[in-house]
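>
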């Protein structure tokens with residue numbers, strides 16, 4: 001895979017209410033719209049939990065396909081189902097408690113497939129990062145509405 005070490009920046013801009021536009025660093029991808037389900041938002045676009053589930057599932061699918069192609073094992077088709085469980089924590093806040101991914105590759109199988117089945121998950125950047133926990137730093141810099149200056 002051609003992903004390298006380093007950093008990238010994703011920009012998020014509020015459009016209205018709970019709808020946000022996500023701009024990606026390469027400039028080659030169209031913006032993505034996100035929204036919260038009703039009653040907060042309109043539910044017309046995926047929310048963060050849906051995208052997290054999609055990111056985990058997509059990363060696993062790509063990792064399996066990459067391994068199988070490298071092993072010269074044909075993958076005729078592949079689909080996956082990602083089931084995400086939300087539960088309330090001790091503070092009564094909703095949290096994603098579990099993600100279950102079921103993958104259905106259309107393949108003849110065999111020893112090369114079995115080898116990929118054993119190792120592909122370890123190469124999935126997103127899934128392994130979520131499993132291990134990701135350090136997240138959050139800083140809030142208010143911008144004054146009158147003059148647009150940031151407070152420090």
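Residue numbers (this note's numbering): 1 to 152. Heads up, the beta-carbon is just placed ideally off N, CA and C, and yes, glycines get one too.
1) Name the DSSP bridge partner or partners of residue 106?
2) Got a sec, what are the start and stop residues for the beta strand (DSSP E) residue 13 sits in?
3) Please determine if the region 69-77 and the region 94-112 are in contact, where contact requires at least 3 C-beta pairs separated by less than 8 angstroms.
4) So, is residue 20 buried or exposed, given that buried needs 16 or more other C-beta atoms within 10 angstroms?
5) Take residue 45 as the anchor and find which of 53, 52, 138, 35 has the nearest alpha-carbon.
6) Is it true that the CB of residue 130 sits closer than 8 angstroms to the CB of residue 56?
7) So, using beta-carbon positions, are residue 23 and residue 14 closer together than 8 angstroms?
8) Are the CB atoms of residue 96 and residue 49 nearer to each other than 8 angstroms?
9) Below 8 angstroms on the Cβ atoms is my guess for residue 116 versus residue 67; work out the distance and round it to an integer in Å.
10) Around the C-beta of residue 91, are 16 or more other C-beta atoms found within 10 angstroms, so that it is buried, or is it exposed?
11) In this structure, how does DSSP classify residue 21 when only helix, strand and coil are distinguished?
12) Indicate whether residue 82 and residue 54 have their beta-carbon atoms separated by less than 8 angstroms.
13) Here's the rule I'm using: 16 or more other beta-carbon atoms within 10 Å means buried, otherwise exposed. How should residue 101 be labelled?
Answer, in terms of the structure:
1) As a working note, residue 106 is residue 106 in the chain shown. In DSSP, residue 106 forms a bridge with 77.
2) Reading the chain shown from its first residue, position 13 is the one you call residue 13. Unbroken beta strand (DSSP E) run through residue 13: 11-16.
3) yes
4) Here residue 20 refers to the residue found at position 20 of the chain shown. With 16 or more Cβ atoms within 10 Å of its Cβ, residue 20 is classed as buried.
5) In the chain shown, residue 45 corresponds to position 45, counting from 1. For the residues 53, 52, 138, 35, the minimum Cα distance to residue 45 belongs to 35.
6) Counting from 1 along the chain shown, the entry for residue 56 is found at position 56. Counting from 1 along the chain shown, the entry for residue 130 is found at position 130. The answer is yes: Cβ separation under 8 angstroms.
7) The residue labelled residue 23 in the question sits at position 23 within the chain shown. The residue labelled residue 14 in the question sits at position 14 within the chain shown. Cβ atoms of residue 23 and residue 14: not closer than 8 angstroms.
8) If you number the chain shown from 1, residue 96 lands on position 96. If you number the chain shown from 1, residue 49 lands on position 49. Yes, they are a contact pair.
9) Sequence index remark: in the chain shown, residue 116 carries index 116 (1-based). Sequence index remark: in the chain shown, residue 67 carries index 67 (1-based). Correct: roughly 4 angstroms between the Cβ atoms.
10) For the purposes of this step, residue 91 is taken as residue 91 along the chain shown, with counting starting at 1. Result: exposed.
11) Locating residue 21 in the chain shown gives position 21, counting from the first residue. Three-state result, residue 21: strand.
12) In the chain shown, the residue the question calls residue 82 occupies position 82. In the chain shown, the residue the question calls residue 54 occupies position 54. Contact: yes.
13) Looking up residue 101 in the chain shown gives position 101. Result: buried.
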